[in-house]
Structure formats: C-alpha cells, structure tokens
Amino acid sequence: MAARLLDTHSAWHLVLDAVNRTNVTLSLPDDDAPSLELNGNHWQLLKPATESARNLLKIFLPLCRPLAAASGCRVVGQLGQSLDGRIATVTGASRFINGEDGITHLHRIRAISDAVIVGAGTATTDNPRLTVRKASGANPVRVVIDRQRRVPHDHHLFTDGEAPTLRLTAGDYCPPASPAAAARMLEQSGPVEVPCLGDAHADTPAAPAIILRVLSDFGLRKVFVEGGGLTVSAFLNAGLLDRLHVMVAPMIIGSGRPAFSLPEIDLLSDALRPRAQLVNLGSDMLFDLDFSEQLPPN
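Using this note's numbering, the final residue of the sequence shown is 1634, and nothing's skipped along the way.
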C-alpha cells in the first residue's frame, strides 16, 4: 500500500512545532516515523507530501527560524490586492478582495507572529479582530498605530479581550522598566496605551523604526505588518521589511486605493527587485517576496 501523503493540516502542525527551533527532527502526533528535519537554515521533508503541503512548508518554515539575541526584529508585511493593484474601492470597501484560501493564509501568518500591526485607517474602517480563527495557533499581540486616537473605543481591538492590544499614540516614549514590567502590562485587561509617536499633529507617517523599538522592548520581535497599504509602504520604504506577501485576487476593480505608496523613481534600475516565489493558494496567487537580498536590474 502506498504511503499516505502529508496533507496541509499535518504540514501546518509541523510548522507550529518548528517555531523557534532548529537542528531538530519533528514527527506528527501518534506517528513514530519522522516527518521533517530542520538543520540551520535548511529543511528536509522525510515523507511524501501533497503539493499544497510542500508549498505551505516552503512559505512558512523560513518565518519560523529562531532570531539571534542581537538581530533585532523579523518583519513580514502583507497586502491583499486585485489584479490591477487595488486594495480597496474609492469608498474604502475592501472586504473581501481575497478569497477563503487567502484569508486562511493571513491567519496563519498571525499564528507564527509575536505581534500584528495595523494602521488607524484600517483599524477604523475594517474593525478587525486580528486573531487566529481560521488556523490553529496562538493569537498575536495586536498593535494599532493610532497617533491621534482615531480608532473608536468600542472596536473589537479594544473590547473583545481576545488578545493583548497595544495602542501606539502621540507623545514621548518611556520604555518599560524591565522585561517583567512589559510582560505585566501585556497581561492587563483592556488596551495598553503607549505614547511614542511624537507630535500628535505631525503630517508625516509614524517612523517604523520607533515602532519596532517599542515592540522589541515588549519582547515582540517577530512582527507582522498586516495593513493597510500606507503602513506597509512606510515599512517597505524604510527598508525594514524582511519579507512581503502580496496576495493577488482574480478581480479587476478599475479604480480605488493603490496597494503601494512609495516615492517616485525615474529609472527602472531604481526599482525594488526582491527575490520572489509564486505559490497558488487556490483562491489567490501569492507573491512571496524576500527583501534580504535584492536582485540586480536586468
């Protein structure tokens, strides 16, 4: 009898088991035969698997690697867009551009992240929960960039109690006194307001480097920048994205909000050229972009 192929459910269990681990052989529950071997930055599947299971491991295992103590944060961004590069209509409607498979992928990134970031515009318009509901795993700490306290106080992020929430607001930053103090702040009920974004009336976006410093002080180093387009673009423009997942839906909107907002360039030699792999998620096509090594222009 042919061996049963490893499916996506089992592959996801291996991903969760691989978080912050290396140089280890992993097995599935109730299965004595090893399934996956991790060796430094390399991995080897030890049993047959479906194509979708292999794709899942290929996408997520690089995001599970442990971080060196002095390496700062690992930052992954995400944008869900139409074929013509729109993330919302002119009125801001964006639910749901991506299909069920794209949404499941989004929840899986949350599940292997310490923190998930959204800007005030996205938080206000979409009223997201930013929890793990379509994939097994733990909810990340939720972070909303809300310099002017625009997000309504009755939104899910501030009321549902499903996960700790940091609300980054205007003001001067005062770091937690210790890691233990930071942990206690995250354990309190309700959102934790962290003044750190300077002048409340500044007309420039919040500095991504400051946001990452704050999250690092709270012990949150695997960071997922989920949206919206302006927030993801700010991290990309600052050179602080390690990877970017762009999920493209088979949809043409024709007008609306663009996915990226970056400085204009005159020459294609100045364009960003990350290493890329394309994966068919089913309902959407994923562009997995690695910015750790830029490709030279053609």
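Note that CB positions come from ideal geometry on N, CA and C, so glycine has one too.
If you draw a straight line from the Cα of ALA1542 to the Cα of THR1440, it is about 29 Å long. Under the three-state reduction of DSSP output, ILE1453 falls in the strand class.
Annotated three-state conformation of PRO1464 is coil, per DSSP. Following the DSSP letters along the chain, one finds PRO1610 inside the beta strand (DSSP E) bounded by residues 1610 to 1616. For VAL1528, the secondary structure class from DSSP, reduced to helix, strand or coil, is strand.
Note that the stretch 1556 to 1576 does not touch the stretch 1508 to 1515; fewer than 3 beta-carbon pairs, one per stretch, sit closer than 8 Å.
Two segments are said to touch when three or more pairs of C-beta atoms, one from each, lie closer than 8 Å; by this definition the stretch 1614 to 1624 touches the stretch 1429 to 1449. If you look at ASN1391, you'll find it isn't in any beta strand (DSSP E); it sits in the alpha helix (DSSP H) that goes 1387 to 1400. Note on geometry: alpha-carbon atoms of PRO1531 and ASP1368 lie some 51 Å from one another. In the three-state reduction of the DSSP assignment, THR1501 falls in the strand class. One thing to note: ILE1423 has its Cβ no nearer than 9 Å to the Cβ of ILE1481. Put simply, the stretch 1573 to 1592 touches the stretch 1410 to 1422. At least three CB pairs are less than 8 Å apart.
Counted as a single uninterrupted DSSP element, the stretch harbouring MET1587 is not any alpha helix (DSSP H), since DSSP gives it neither H nor E. Here DSSP, grouped into helix, strand and coil, assigns ALA1404 to coil.
When the five nearest sequence neighbours on each side are left out, the beta carbons in the same chain lying within less than 6 Å of the beta carbon of TYR1509 are those of CYS1532, in order along the chain. Per the Cβ contact rule, the stretch 1402 to 1416 is not in contact with the stretch 1373 to 1389 (fewer than 3 Cβ pairs under 8 Å).
Judged by DSSP secondary structure, VAL1550 falls within the alpha helix (DSSP H) whose first and last residues are 1544 to 1553. Beta-bridge pairing by DSSP links TRP1379 to LEU1374.
For ARG1478, the enclosing beta strand (DSSP E) starts and ends at 1477 to 1481. If you check the CB distance, VAL1559 and PHE1596 do not come in under 9 Å. Rounded to the nearest whole angstrom, the C-alpha separation of THR1505 and VAL1454 is 13 Å. In terms of Cβ geometry, ALA1471 and ARG1444 form a close pair [threshold 9 Å].
A straight line joining the alpha-carbon of ALA1574 with that of VAL1479 spans about 19 Å. With contacts defined as CB atoms closer than 9 Å, GLY1555 and ALA1499 fail to qualify as a contacting pair. The beta carbons of GLY1428 and THR1467 sit no closer together than 9 Å.
Rounded to whole angstroms, the separation of the alpha carbons of VAL1426 and ALA1404 is 43 Å.
Taking the CA atoms as reference points, LEU1502 sits about 38 Å from LEU1342.
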